[in-house]
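Remarks on the structure that follows.
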Amino acid sequence: MATAAIHDVHDVLAAYPGLADIAVLAHEQESIGQTIVAYVVPASPGFNLGELHKYVRKELPASMVPAAIMVVDAIPLTAAGIAEPQALPAPDLHGLTLYRSPDTARQEALCTIFAEVLGRPRCGMDDNFFTLGGESIDAMLIAGRAGPVIGREISIDDIFDAPTVAELDQLLDRPSSVEGQ
């Protein structure tokens, strides 16, 4: 992972007004490879992590959005004054796969909706709804939000039958039974 990408993520987080301290590190996990993880110290008790996620997704290209943003009380430093990775908590990257970015506006919209509903910093084309902890209520929320955005009705069964954005996108290319009536 390029050091420049880590610095760019750090710069975007540093511009966010609600943070007192930040560390951005490359994290290696076998199932997804190397990814960016951000550690943040809120500046006040009313800190809203969801708002920070929205800000980061708006300011950074999808490939640079941290796989996890961890809220910590303090950033432990080495004697040299740099973040001490071993002293920071391990991020929860359960369910994430190697990130594959969306290619179309519809895929981008679906990835964003999946991430927001499932409470993830980002969702790639191959991240699985069930592996990310999705349940029936989440499928209902995704279907309800995605339909109006993409201009086509989506059912809960569609999400269960095509649990990744890539699969759902392919399913949406087929004529629907609703359209055929």
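Residue numbers in the sequence shown follow my numbering, run continuously in steps of one, and reach 657 at the last position. Just so you know, even glycine gets a beta-carbon here, dropped at the ideal spot from N, CA and C.
Which of helix, strand or coil DSSP assigns to residue i
{"i": "ILE512", "result": "strand"}
{"i": "LEU553", "result": "strand"}
{"i": "GLU560", "result": "coil"}
{"i": "PRO651", "result": "coil"}
{"i": "LEU644", "result": "helix"}
{"i": "GLU535", "result": "helix"}
{"i": "SER631", "result": "coil"}
{"i": "ALA622", "result": "helix"}
{"i": "LEU608", "result": "coil"}
{"i": "GLY600", "result": "coil"}
{"i": "GLN657", "result": "Here GLN657 scores only 39 on pLDDT, less than 50, and its place in the model should not be relied on; the value that follows carries that caveat. Looking at GLN657 - three-state DSSP - the assignment turns out to be coil, as it is neither helix nor strand."}
{"i": "ALA615", "result": "helix"}
{"i": "GLY526", "result": "helix"}
Host beta strand (DSSP E) of residue i (start-end)
{"i": "ALA544", "result": "544-547"}
Identified DSSP bridge partners for residue i
{"i": "ALA638", "result": "Answer is none; ALA638 lacks a bridge partner."}
{"i": "ILE498", "result": "VAL516"}
{"i": "GLU504", "result": "GLN510"}
Exposure of residue i, with buried meaning 16 or more beta-carbon neighbours within 10 Å
{"i": "ASP645", "result": "buried"}
{"i": "ALA544", "result": "buried"}
{"i": "ARG650", "result": "exposed"}
{"i": "ASP603", "result": "buried"}
{"i": "GLN510", "result": "exposed"}
{"i": "LEU553", "result": "exposed"}
{"i": "ASP615", "result": "Note on identity: in this sequence residue 615 is Ala, with Asp being the wrong assignment. Looking at its Cβ environment, which holds 16 or more other Cβ atoms inside 10 Å, ALA615 is buried."}
{"i": "THR580", "result": "exposed"}
{"i": "GLN583", "result": "buried"}
{"i": "ASP637", "result": "exposed"}
{"i": "HIS529", "result": "buried"}
Host alpha helix (DSSP H) of residue i (start-end)
{"i": "ILE589", "result": "581-594"}
{"i": "ILE482", "result": "479-490"}
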